[in-house]
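Residue numbers (this note's numbering), protein chains in the order written: chain A, 26 to 164; chain B, 26 to 164; chain C, 26 to 164; chain D, 26 to 164. Yeah, the Cβ is synthetic: ideal placement off N, Cα and C, and Gly gets one too.
Protein chains: 4
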Amino acid sequence: MNLKEMMSESPYHRWLGVELVTIELGKVVVTMKFREEFLGSDDRTNVHGGIIATLADITACFAMMSETNRDAPNVNLHVDYLRMAKPDKALTATGKVVKAGRMMGIADVEIHDEDGRLIAVGRSTTVNNAPPRETLTKG
Amino acid sequence: MNLKEMMSESPYHRWLGVELVTIELGKVVVTMKFREEFLGSDDRTNVHGGIIATLADITACFAMMSETNRDAPNVNLHVDYLRMAKPDKALTATGKVVKAGRMMGIADVEIHDEDGRLIAVGRSTTVNNAPPRETLTKG
Amino acid sequence: MNLKEMMSESPYHRWLGVELVTIELGKVVVTMKFREEFLGSDDRTNVHGGIIATLADITACFAMMSETNRDAPNVNLHVDYLRMAKPDKALTATGKVVKAGRMMGIADVEIHDEDGRLIAVGRSTTVNNAPPRETLTKG
Amino acid sequence: MNLKEMMSESPYHRWLGVELVTIELGKVVVTMKFREEFLGSDDRTNVHGGIIATLADITACFAMMSETNRDAPNVNLHVDYLRMAKPDKALTATGKVVKAGRMMGIADVEIHDEDGRLIAVGRSTTVNNAPPRETLTKG
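Rendered as structure tokens:
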């Protein structure tokens, strides 16, 4: 399973510009450059929380896959927004496996901006024995 | 406070195409048409979870504002992904205030697709006495 | 599966005094009388949050079992404490299934006091195809 | 503020037998011996999840107080149950501040058993500028 390729085989990932820069067993680092469309408001105050949540979601999933070497769809996401992300700055998300169970797993994410400010923390449960996704859209 | 205008005064909201179709006291309905960039994978299996989380985040915030009539930035988001959202379908999110406290509030969100399938549920804490956002990016 | 009996076959449940007063398909109501040991502080200000969280945990699990008719161990719990629970008042928790999937489920809980104040809301993910619990303590 | 004394000035804490064994700036360790009443079921399979959630709740609150030196009531709790806690074993919870903001804070908790197994992870939001608790029960 080539995680770098997998990350780019997604229309939304390509639009976001997420890039998998580090892959270790149970740990990944994902970077995302700023885009003007990420802004939450026209006065350019901050990056939208949904973008931050999305980055946490992606990073948790790929952290789990770095350990399990198979698809690990998120079934939930809990994110705490700690500081507003300023415009024009890249974001870096570090994801780590907390537990990689046979059925389920938990992964943690920390998101920092270029200045080292901790923007958000996220935690996600993944399904580690999921059937192919095509079958999951039937339900 | 004109919530419909506020929803469109955000670059990310415009890109997403979110539209506030119902506003009551403590309750809003937000719709979002499908975009090809929302897809999680090139085989067009499902809408990316980050898009679903974002829709929950936005809807919780606007539900709270429909009751408090002032900004209500989310400080967290908890979303459970129940079913994968199929491509080519609009999504409808209904947000309701659970508690609108003076300092903080809680709002709930349910997201359905066009076929009435419950795609996700979300819950978010908002800050109801927040200072202007410009001051929040300083920290 | 006799849910009322199951609720009382637990040392902790008996100590808490939880009672299953309503069982419908996918919905339960659980009551819990006040105990002096529930207090968070010696000045008798409020019932401890851990007691509230516990009541949410139990109620979510039994709501799911009311629908699936089999064990449904919680794998997580998210609880928002909305108002402090005053001493000397019974608490009533209403649990409802949000989704009862084959593998996993989600249940929601609302906890009110005797005066109808909403004390807390909880949400929990259950494992709906869990092996017997004895096997789960091996890992 | 004497945190060790504060921990014991609570009827529920005394019943649980929680003990604050380490206090550093923004970090605490809390231990809890096993009690027969903690059991989730009469066949002595595991400690009840509500006990685990409670330990996470307490530890997060005291971790925050170790940094802010004032009351820090939890407004929510998110706990992931990773492994069932076996009977007859003490539990050790380590709490760390993630962010201690002026208004709110986030603290993380890890709970291990005597054998070093990671039983659960928890995360909690605290109110760091809360008025005295007496006033909070009025609402």
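Margin query: If I measure Cβ to Cβ from Thr117 of chain A and keep anything under 6 Å in the same chain, skipping five residues before and after, which residues do I get?
Written below: Thr56, His137
Next item on the list: Could you tell me whether any Cβ in chain B is nearer than 7 Å to the Cβ of Asp105 of chain C?
Entry: yes
Check: Alpha carbon to alpha carbon, how far is Arg95 of chain B from Phe59 of chain B?
Finding: Distance between the alpha carbons of Arg95 of chain B and Phe59 of chain B: 29 Å.
Check: Which whole-angstrom value describes the C-beta separation of Pro112 of chain B and Leu64 of chain B, a residue pair presumed to lie in contact below a C-beta threshold of 8 Å?
Finding: 6 Å
Check: Nearest chain A C-beta to Val124 of chain D closer than 7 Å, yes or no?
Finding: The question names Val, yet the displayed sequence has Lys at residue 124 of chain D. Judged by the 7 Å Cβ criterion, Lys124 of chain D is in contact with chain A.
Note to self: With H, G and I counted as helix, E and B as strand and the rest as coil, what does DSSP make of Leu45 of chain D?
What the structure shows: strand
Note to self: Is Ile131 of chain D close to chain A? Criterion is C-beta to C-beta, closer than 7 Å.
What the structure shows: yes
Next item on the list: Taking Ile76 of chain B as the query, report the chain A residues whose CB atoms sit under 7 Å from its CB, ordered along the chain.
Entry: Tyr37
Next item on the list: Name, in chain order, the residues that DSSP records as bridge partners for Ile131 of chain A.
Entry: A:Lys124, A:Thr150
Next item on the list: Please confirm if the segment 71 to 86 of chain A is in contact with the segment 140 to 149 of chain A, defined as three or more CB-CB distances below 8 Å between the two stretches.
Entry: yes
Checklist line | Below-7 Å beta-carbon distance, Asn27 of chain B vs any chain A residue | finding: no
Note to self: For the segment 49 to 66 of chain C, list every residue whose C-beta sits within 7 Å of some C-beta in chain D, in sequence order.
What the structure shows: Glu61, Glu62, Phe63, Leu64, Gly65, Ser66
Margin query: Can you look up Ala78 of chain B in the DSSP assignment and give me helix, strand or coil?
Written below: helix
Check: Would Asp105 of chain C pass as a contact of Lys121 of chain C if the rule is Cβ separation under 7 Å?
Finding: no
Next item on the list: Using a cut-off of 8 Å between C-beta atoms, extract the partners of Arg148 of chain A located in chain D.
Entry: His103, Asp105, Val146, Arg148
Check: Taking just the CA atoms, how far does Ala115 of chain B sit from Val43 of chain B?
Finding: 10 Å
Notebook entry, point to check: Where do the ends of the beta strand (DSSP E) carrying Leu50 of chain C lie?
Noted result: Per DSSP, Leu50 of chain C belongs to no beta strand (DSSP E) and is neither H nor E.
Check: Given a threshold of 16 other Cβ atoms within 10 Å of its Cβ, counted over all protein chains shown, does Thr93 of chain A qualify as buried or as exposed?
Finding: buried
Margin query: DSSP has Leu16 of chain C in a bridge; who is on the other side?
Written below: Since the first residue of chain C shown is 26 and the last is 164, residue 16 of chain C is not available in this structure.
Check: Residue range of the alpha helix (DSSP H) that Leu28 of chain D falls in?
Finding: 28 to 33
Check: Going along chain D, which residues have a C-beta under 8 Å from Leu143 of chain A?
Finding: Val123, Lys124
Item checked: C-beta contact flag for Asn101 of chain C and Thr150 of chain C at 7 Å -> yes
Checklist line | Inter-residue CB distance, Val53 of chain D and Leu45 of chain D (contact presumed, cutoff 8 Å) | finding: 6 Å
Next item on the list: Kindly list the residues whose CB is nearer than 7 Å to the CB of Thr47 of chain A, restricted to its own chain and excluding five residues on each side of it in sequence; keep chain order.
Entry: Same-chain partners within the cutoff: Val53, Val54.
Next item on the list: Alpha carbon to alpha carbon, how far is Val152 of chain B from Pro156 of chain C? Give it in angstroms, no decimals.
Entry: 42 Å
Check: Is Glu34 of chain C near Asp67 of chain D, with beta carbons less than 7 Å apart?
Finding: yes
Check: For Lys124 of chain C, which option in C:Met26, C:His73, C:Ala88 has the closest C-alpha, if you only look at C-alpha atoms?
Finding: C:Ala88
Check: How is the beta strand (DSSP E) around Asn71 of chain C delimited, first residue to last?
Finding: Counting along the chain, Asn71 of chain C falls outside any beta strand (DSSP E), and DSSP gives it neither H nor E.
Check: Do His103 of chain B and Tyr37 of chain A have their CB atoms nearer than 7 Å?
Finding: Contact flag unset, no.
Notebook entry, point to check: What's the call for Leu107 of chain B, buried or exposed, on a 16-neighbour Cβ count within 10 Å?
Noted result: buried
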